[in-house]
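Q: Sending over a structure as structure tokens; questions will come in a sec.
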Amino acid sequence: MAAKRGWVRYLISDPFSLLIMLHCLRLCSLAGVFLAGLLATPAAQAQAPVVTTRTPARQAVAAPSAGPVGIQFSQPISAATAGSLRVVGSQRQGRRTGAVSGGGTATLSFQPAQTFAPGEQVSVTVPATLLGTSGTAVRPEVYQFWAAAGAGPADFAGGPMVTLPASPTGVAAGDLDNDGDQDLVVLTAAQGYLLRNDGSGVFTAEPGPGSPTGQQLGGLVLADVDGDSRLDVLAVGAAFSNNLPTGTLLTWHNTGSGFSLTASLTLTGIPRTPVPADLDADGDLDALLPDPGYRTVHVLLNDGTGTFTSGTDVPLGPSVNAVAVADLDNDGDLDFAGASSDGNFVSALVNVRLNTGSATFSSALDLPANALSSNVALGDLNGDGNTDLVVSSGIRDTNVLLGTGTGTFVSAPDVRCFPFLLSCDPLCPSASWWLSGTTGCCCHMT
Ligand SMILES: [Ca+2]
Ligand SMILES: [Ca+2]
Ligand SMILES: [Ca+2]
Ligand SMILES: [Ca+2]
Numbered sequence: 010m011a012a013k014r015g016w017v018r019y020l021i022s023d024p025f026s027l028l029i030m031l032h033c034l035r036l037c038s039l040a041g042v043f044l045a046g047l048l049a050t051p052a053a054q055a056q057a058p059v060v061t062t063r064t065p066a067r068q069a070v071a072a073p074s075a076g077p078v079g080i081q082f083s084q085p086i087s088a089a090t091a092g093s094l095r096v097v098g099s100q101r102q103g104r105r106t107g108a109v110s111g112g113g114t115a116t117l118s119f120q121p122a123q124t125f126a127p128g129e130q131v132s133v134t135v136p137a138t139l140l141g142t143s144g145t146a147v148r149p150e151v152y153q154f155w156a157a158a159g160a161g162p163a164d165f166a167g168g169p170m171v172t173l174p175a176s177p178t179g180v181a182a183g184d185l186d187n188d189g190d191q192d193l194v195v196l197t198a199a200q201g202y203l204l205r206n207d208g209s210g211v212f213t214a215e216p217g218p219g220s221p222t223g224q225q226l227g228g229l230v231l232a233d234v235d236g237d238s239r240l241d242v243l244a245v246g247a248a249f250s251n252n253l254p255t256g257t258l259l260t261w262h263n264t265g266s267g268f269s270l271t272a273s274l275t276l277t278g279i280p281r282t283p284v285p286a287d288l289d290a291d292g293d294l295d296a297l298l299p300d301p302g303y304r305t306v307h308v309l310l311n312d313g314t315g316t317f318t319s320g321t322d323v324p325l326g327p328s329v330n331a332v333a334v335a336d337l338d339n340d341g342d343l344d345f346a347g348a349s350s351d352g353n354f355v356s357a358l359v360n361v362r363l364n365t366g367s368a369t370f371s372s373a374l375d376l377p378a379n380a381l382s383s384n385v386a387l388g389d390l391n392g393d394g395n396t397d398l399v400v401s402s403g404i405r406d407t408n409v410l411l412g413t414g415t416g417t418f419v420s421a422p423d424v425r426c427f428p429f430l431l432s433c434d435p436l437c438p439s440a441s442w443w444l445s446g447t448t449g450c451c452c453h454m455t
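According to our numbering, the sequence shown is numbered sequentially starting from 10.
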């Protein structure tokens, strides 16, 4: 007690020490508030629910055609928002109709009203409008899988011919009348046709998407861009003025009784075929359009009604011929790979771009490819759950690159599928043979 009184007398008698002590007390108080804030953060601000398990697994290649699609989260999901889950098919309906169950629990299940078509690619979006029961938005993600196809012999026999008044410039298959069979849309330079399937593979042609005056049609793809569960038609229109080309993304909405050209967007150059995908994980299909003339991949974002606006384009050279979309680094957003070539037989590349999650893409990871790369496809070839990459060459073997799941790839043996290949010889006997860059042998064409 005496010592305590002594300290007090000392501090009162020494104002400098008193000031230091008061300052220390103030700092301790501030530190306490800071620490209390840190400790209070987890309770006051709940963690976002995240997806922990997907059924079918991402990149699955033989998913049950009847469904369901099951998603397990780290926390229970609000029943009121469970319907925000989006399941989108590439061949039937587009946005799939069906029932979501499991609201209020940590496992949602979507049962599609109609089976997935054999080999159909299915995209699942977990958007940020899906909330946990605490009210916190989920961490959004998009993933893809493929429905099982039959184990057929892969032999194809010719079917009945359909005569059209002009040469086709594009064809795409999908169930446009939602009756369960695959119909066709065929474009000619100035007119589109719907070839309706009678259910047995016999098609009847009727007028389809019409072309705006002066536009030549190409680059056809089917996708439900307005989310009404009817496949719509996207195509690239080309117009020339003083020999200068202007490209337009044309969108025909499927009304159920015809096609209505209701949206278009003018672009530089003449882009190639659009690739629809939910690039920003908000539940609608956006689009990538490779534009070789301008060495660009156009990024177009959907407002949910099928109206597109330009996003952040991606420069990609030398001459990007095609793109394919998948989650290359397993982080829950869709990335893309582009096949590009400068036409001189030596500098073909695959350009890998990773999505930031909001449809902006990283700088290129360039992978060498065989000459004149003309197309690229993505899928899990070796069943390890990672997306692999296949690049076709105009004159050489097909490249196979196996994904590591982190956005990088390792080379696998090329696939020799050049149709006119006659034989190989390591000695290159004459000028009509050429050296295969990956196998080290010389090949000869018929
Ligand atoms: Ca049909
Ligand atoms: Ca639609
Ligand atoms: Ca979107
Ligand atoms: Ca990704």
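All residues carry an ideal CB built from backbone N, CA and C; glycine is no exception.
State yes or no: is the C-beta of residue 363 nearer than 7 Å to some heavy atom of ligand 4?
A: The residue you call residue 363 lines up with position 354 of the sequence shown. Within the cutoff, so yes.
Q: Are the region 146-156 and the region 164-171 touching, with three or more C-beta to C-beta distances below 8 Å?
A: The region 146-156, when compared against the region 164-171, does not touch it at the 8 Å Cβ threshold.
Q: Counting only the same chain and skipping the five closest in sequence on each side, list residues whose C-beta sits under 8 Å from that of residue 238.
A: Numbered from 1 along the sequence shown, position 229 holds the residue referred to as residue 238. Within the same chain, residue 238 has close Cβ partners 102, 103, 104, 105, 106 and 187.
Q: Hey, would you say residue 221 sits closer than 8 Å to residue 270, going by beta carbons?
A: Counting from 1 along the sequence shown, the entry for residue 221 is found at position 212. Counting from 1 along the sequence shown, the entry for residue 270 is found at position 261. Yes, the pair counts as a contact, with Cβ atoms nearer than the cut-off.
Q: Is it the case that the Cβ atoms of residue 459 and residue 82 are separated by a distance below 8 Å?
A: There is no way to answer for residue 459, as the model of the chain reaches only from 10 to 455.
Q: First and last residue of the beta strand (DSSP E) that includes residue 243?
A: By 1-based counting over the sequence shown, the position of residue 243 is 234. Segment 241-250, the beta strand (DSSP E) holding residue 243.
Q: Jot down the residue ranges of each uninterrupted alpha helix (DSSP H) in the region 58-129, minimum 4 residues, whole runs only, in chain order.
A: Listed in chain order, nothing qualifies, since the region 58-129 has no complete alpha helix (DSSP H) run of 4 or more residues.
Q: Between residue 394 and residue 317, what straight-line distance do the alpha-carbon atoms span, to the nearest angstrom?
A: Along the sequence shown, read from residue 1 onward, the residue named residue 394 stands at position 385. Along the sequence shown, read from residue 1 onward, the residue named residue 317 stands at position 308. Distance between the alpha carbons of residue 394 and residue 317: 32 Å.
Q: Closest to residue 348 by C-alpha separation, out of 149, 380 and 74, would be which residue?
A: Taking the sequence shown and counting its residues from 1, the one referred to as residue 348 is at position 339. Residue 348 has its Cα closest to that of 380, out of 149, 380 and 74.
Q: DSSP three-state call for residue 4: helix, strand or coil?
A: Here the chain covers residues 10 to 455 and nothing more, so residue 4 does not appear.
Q: If you pair each beta-carbon of the region 267-284 with each one of the region 117-132, do three or more pairs fall below 8 Å?
A: Too few Cβ pairs lie closer than 8 Å, so no.
Q: If contact is defined by three or more beta carbon pairs under 8 Å, each pair taking one atom from either stretch, is the region 295-314 in contact with the region 373-390?
A: Not touching, per the Cβ criterion.
Q: Nearest-angstrom Cα distance between residue 259 and residue 213?
A: Counting from 1 along the sequence shown, the entry for residue 259 is found at position 250. Counting from 1 along the sequence shown, the entry for residue 213 is found at position 204. About 24 Å.
Q: Under three-state DSSP, which class holds residue 39?
A: In the sequence shown, residue 39 corresponds to position 30, counting from 1. Its pLDDT being 44, under 50, residue 39 is placed unreliably in this model, and the coordinates cannot settle the point.
Q: Out of 88, 94 and 131, which one is the CA nearest neighbour of residue 112?
A: Within the sequence shown, the letter at position 103 stands for residue 112. Cα-wise, what sits closest to residue 112 is 88.
Q: Do the region 289-304 and the region 324-333 touch if we need at least three Cβ pairs shorter than 8 Å?
A: Cβ pair count under 8 Å is three or more, so yes.
Q: By Cβ distance below 6 Å, which residues in the same chain neighbour residue 363 in space, the five residues on each side in sequence not counted?
A: Stepping through the sequence shown from its first residue, residue 363 is reached at position 354. So the qualifying residues of the chain are 338, 344, 371 and 416.
Q: Taking 7 Å as the cut-off, does the CB of residue 193 come closer than this to any heavy atom belonging to ligand 1?
A: On the sequence shown, position 184 is the one that residue 193 refers to. Not under cutoff, so the answer is no.
Q: Measuring CA to CA, which of 410, 251 and 242 is closest to residue 267?
A: Walking along the sequence shown from the start, residue 267 turns up at place 258. That would be 242, whose Cα lies nearest to the Cα of residue 267.
Q: Name, in chain order, the residues that DSSP records as bridge partners for residue 205.
A: As a working mapping, residue 205 is identified with position 196 in the sequence shown. Residue 205 is bridged to 213.
Q: Out of 252, 236, 232 and 250, point me to the one whose CA is closest to residue 244's CA.
A: Along the sequence shown, read from residue 1 onward, the residue named residue 244 stands at position 235. The candidate whose alpha carbon is nearest that of residue 244 is 232.
Q: For residue 215, count neighbouring C-beta atoms within 10 Å of its own C-beta (all shown protein chains included) and say buried if the count is 16 or more, exposed if not.
A: Indexing the sequence shown from 1 puts residue 215 at position 206. Classification of residue 215: exposed, given that the 10 Å Cβ count is below 16.
Q: Quick one, which of 335, 93 and 340 has its alpha-carbon nearest residue 398's?
A: As a working note, residue 398 is residue 389 in the sequence shown. Here the closest residue by C-alpha is 335.
Q: Which residues in the same chain have their Cβ closer than 6 Å to the Cβ of residue 67, if we skip the five residues on either side of it in sequence?
A: Along the sequence shown, read from residue 1 onward, the residue named residue 67 stands at position 58. 152, listed in sequence order.
Q: If I follow the unbroken beta strand (DSSP E) through residue 296, where does it start and stop?
A: Sequence index remark: in the sequence shown, residue 296 carries index 287 (1-based). That run of the beta strand (DSSP E) goes 295-300.
Q: Rounding to the nearest angstrom, what Cα-Cα distance links residue 118 and residue 76 in this structure?
A: For the purposes of this step, residue 118 is taken as the residue at position 109 of the sequence shown. For the purposes of this step, residue 76 is taken as the residue at position 67 of the sequence shown. Distance between the alpha carbons of residue 118 and residue 76 is about 9 Å.
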